[in-house]
Amino acid sequence: MQFIAPIYFLLSIFLVITVLFYLFRKQYENQIIPSTLLWQQVMREWQATKWWKKLQNHILLYLQLLILFLLMLSITRPFWSYLELSGEHIVVVLDSSASMTTEEGDLTRLDLAKNELLNLIDHLDNQRLSIILAEDVPKILLANETSKQKMESMISEVTSSYQHADVRKAIQVANQLLSDTTGEIHVFSDRVNKADVNDLNLSRDLIVNNVGITTKNISLHNFGVAEKDGTVHGLLTIYNEDEEEQLVRITIESEGKIIQEIQDIVEPGKLHQLSLPDLPVKPYYKAMITTVDNYEADNTAIAFLATESKPSFYLIGDINPFITKVLNYLSNDIVQMKSDQEGMEKNGIFIVEQLPEKEWPNGPLFILSPLTGGTFQVAEKKELTIRPQVVKQDPIFQFVNMDEVYIQSSASYQDEEFDTILTSGDIPLISKGNYQGNPIVFLGFDIADTDWPLHASFPIFLYNVMNYLTENQETLGYVKPLEPVEFSHSAVGTESKIVTEEGKKVTSLDMNNSFFQAPRFPGLYRVLEYNGKSISEKLFAVSIDQQDKYIKPSERFSIQSKHNTNSKDQKNPNEIWPWLVFIAFLLLLLEWEVYRRGISN
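Each step along the sequence shown adds one to the number in our numbering, with nothing skipped, and position 382 is 396.
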C-alpha cells in the first residue's frame, strides 16, 4: 500500500487526545464502606470473565478510535496499485546499469525491477509487450511479443551491463514504437528524476518505477598517481553517500601485493581527499575499499604510472597559480618562459596563456584564454548563461565531474578542426585535436573566471590533459564497460587474448580486427599478444561511469501525455479511501446503536 498524502498521518494525535478524554472524564469520590468482601467477590468474577466480554465495557472507546483511524487513513489517500494496463502495446524500459547491482537485502535492484516486470506481465490482457534495455545505446530485447512464456524467459536472462543507462534515449525509442498504436511506457530503474524526462515530448503516458531504498555506499571517485623526485605520490577522492559518517578502510595493491593500508573517517555527503605519499614505483596501483557497503562496483579504482621519463613543462605567459601548483605534483622540471625561445626540449609540454598564435612554440600545446583573432577566429569573451555540459565522453574527463563547476565567461572560437568535449550551449569551452602535427588542448576561458580549481576534479583534469599531450603508449588507458577499444596487433603476432589481473582468460581477440569490445565487469585487464617467441602485454582498466557512483534512489512518478486525449489511457491511482469512509460510516451507526442501548439500559 502507498499513500498520496502521508503528511496527514500527523492527525493520529487525535487518537491520543480521545484516549486522554476517557482517562479524565470520570471523577471519583472517596466513600467509607463497612466491608470489602463484596468487591473481592466482584473482582474474582471479573477475572474469570472471558476477555472479549471485558471489551464490552469500553466498546464505545474502541469504536470511536477505529472511526477516527479510518477517517485519518482516508485523508492520506492510500492506494494499492495503478489501474489495469491500457492500450494495445506496452513498452518497458529496463535499466541494466551498474547502480542496479546495488544490494537491497538478499536481492539486487535489478532483481527487484525484474520481479515487478514479471508482475506487470501477469496483468497483460492479450496485449503486446516490447522491452528496451537502457544501456549506453538502447537495445531492444523484445518487440511486439505476445507469448508470456518467452517474455519471462528473456527477462530471466537479463544481467547488468555495467554501462551508463541513457534512459532518456531509451524512452524516446519507446515513444517511437508506440507512434502508430495505443499503449503506455513503463520504466524500471532506480535513479530517474522527473526533471530529467519532463521535457520529453511524449505521445503516450510514462510510468517510472524507481526501485530501492538503501543509500549505504562509499565510493572511490578519483584516483591518480604521479612520480616526482624518484617517489610516487597518489591522490584518492572518496565519497560517503550514507547519512552517517563512516570509518573507511582502503588497501593499495599492485601485482597482487598490498602496498599500503589506510583508514579515515568520511563525513556523510562530502567528497574526502586522501594523500598517498611515498608509494613504491609500480606500473599500476589498485585502490580497494574493504569497508562493507551495499554497492561493490565503485569500490575499486585503478591508476597507471607512466613508465617513460616525465616531460618538461614550459609555462609561457601569466599562468594561473592554481595550474602551477598542480603541475608541481606532475613534474619536477617546470620552467617559466617569457615567450618561445631557445633552450626548450623537444619532448616538453607548453602551457600557454594570453600569447599571440604566431608566437606559439612547436610542440604539444595546452592553450589557456587565447587572444582574439588567429586561425581559430577567437572572439571577445562574453558571459555564459548556460551551465557547462560534457558533450562527449573522453579520457580527458575520466573521473572528472563537471556538474557543479561554474564558468562565468568564455571566448567563442571556430572548432571545426577540433574535437570539442565541453560546451555552454553553442559556445565551445574545451576542445582537443592536432595543431601543426602536435596534440593540442584548447580552453576558451580564463581559469580566473571559474571556480573549477576549488573542486576536487581540477587536478585530475590537468593530469588527464598531460597524459593526452604525452600520449603514453604503455597502457590502453581507461575504458567503459563493453566500449569498443582500438588496438593495433603486431604484424608478427600469432595470437592475442584478454586476461584478468589474476591471469584468467576472458576472451580471444581477432587478429584481423583493429577493435575489440571491453569486458563487462569493472577491473584491471591485460591484452596478451604472442608472436611465437615472446609475449607482449598492455594494461587497461574498465571503470563504471562517474554518474553510476551514486545510488540514492529517486521517487516513483508518472507523466501523462499531453497528446493522449483518450480517457481510457489516463492513469490514476487505485485509491481505496471511499471504502474506508464507508466503513467508518457503518461503524458510526454501530457506535450510535451501542450508545442508545446503553442509555436505555
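Beta carbons are placed, not taken as given, at the ideal position from N, Cα and C, and that holds for glycine.
Using DSSP bridges, identify the partner residues of residue 242.
-> 245
Less than 8 Å separating the beta-carbons of residue 493 and residue 410?
-> no
Reference residue 182; option with closest CA among 201, 165 and 168 | 201
For the alpha helix (DSSP H) holding residue 539, just list the boundary residues, first then last.
-> Counting along the chain, residue 539 falls outside any alpha helix (DSSP H), though it belongs to the beta strand (DSSP E) covering 537–544.
Going along the chain, which residues of its own chain have a beta-carbon closer than 6 Å to the beta-carbon of residue 397, five neighbours each way excluded?
-> 423.
Could you check how far apart the C-beta atoms of residue 420 and residue 240 are, in whole angstroms? I think they sit under 8 Å.
-> The Cβ separation is near 27 Å, so there is no contact.
Assigned secondary structure, residue 311 (DSSP; H/G/I helix, E/B strand, else coil) | coil
Residue 207 at chain B interface by Cβ criterion, 8 Å | Absent here is chain B; the protein component of the structure consists of one chain.
Whole-number beta carbon distance between residue 103 and residue 192, since they are thought to touch under 8 Å | 6 Å
Measure the C-alpha to C-alpha separation of residue 596 and residue 415 and round it to an integer number of angstroms.
-> 55 Å
Contact under 8 Å by Cβ, residue 568 with residue 207 = yes
Quickly, what does DSSP pair residue 160 with across the bridge? List them, please.
-> DSSP output for residue 160 lists no bridge partner at all.
Spatially closest choice to residue 350 from 592, 258 and 328, by CA coordinates | 328
Residue 449, buried or exposed, once every other Cβ within 10 Å from all chains shown has been counted against 16 = buried
Inter-stretch contact (C-beta, 8 Å, three-pair minimum) for the stretch 158–177 and the stretch 495–510 | yes
Could you tell me whether the stretch 307–320 touches the stretch 107–121, where touching means 3 or more Cβ pairs closer than 8 Å?
-> yes
Pair within 8 Å by beta-carbon distance, residue 539 and residue 520 = yes
What residue range is occupied by the uninterrupted alpha helix (DSSP H) comprising residue 33?
-> 27–38
Specify the secondary structure class of residue 297 as computed by DSSP and reduced to three states.
-> coil
Could you check the C-alpha separation between residue 278 and residue 262 for me, to the nearest Å?
-> 5 Å
Tell whether a beta-carbon distance below 8 Å holds between residue 222 and residue 572.
-> yes
Given that a residue counts as buried once 16 or more other Cβ atoms are within 10 Å of its Cβ, and exposed if not, what is residue 283?
-> exposed
Mind checking residue 165: buried by the 16 CB within 10 Å criterion, or exposed?
-> buried
Take residue 255 as the anchor and find which of 589, 562 and 50 has the nearest alpha-carbon.
-> Distances from the CA of residue 255 to each of 589, 562 and 50 were compared; the closest alpha carbon is that of 562.
Which of helix, strand or coil DSSP assigns to residue 180 | Here residue 180 sits in coil by DSSP.
Mapping DSSP to helix, strand and coil, what is residue 330?
-> strand
Is DSSP giving residue 373 helix, strand or coil here?
-> helix
Determine the burial state of residue 30: buried for a count of at least 16 other Cβ atoms within 10 Å of its Cβ, exposed for fewer.
-> Looking at its Cβ environment, which holds fewer than 16 other Cβ atoms inside 10 Å, residue 30 is exposed.
Residue 37 versus 316, 434, 54 and 75, residue with shortest Cα-Cα distance | 75
Cα-Cα separation, residue 399 to residue 425 | A direct Cα-to-Cα measurement between residue 399 and residue 425 gives close to 13 Å.
Inter-stretch contact (C-beta, 8 Å, three-pair minimum) for the stretch 382–392 and the stretch 459–470 | yes
Could you check if residue 304 is buried or exposed, using at least 16 other CB atoms within 10 Å of its CB as the buried criterion?
-> exposed
For residue 301, which option in 281, 275 and 292 has the closest C-alpha, if you only look at C-alpha atoms?
-> 275
If I'm right that residue 326 touches residue 377 with Cβ under 8 Å, what's the distance once you round it to whole angstroms?
-> Their Cβ separation, rounded to whole angstroms, is 10 Å, which puts residue 326 and residue 377 out of contact at 8 Å.
Could you spell out where the alpha helix (DSSP H) holding residue 395 opens and where it closes?
-> First-last for residue 395: 395–397, but that is the beta strand (DSSP E), not the alpha helix (DSSP H).
Unbroken alpha helix (DSSP H) run spanning residue 473, endpoints | 471–484
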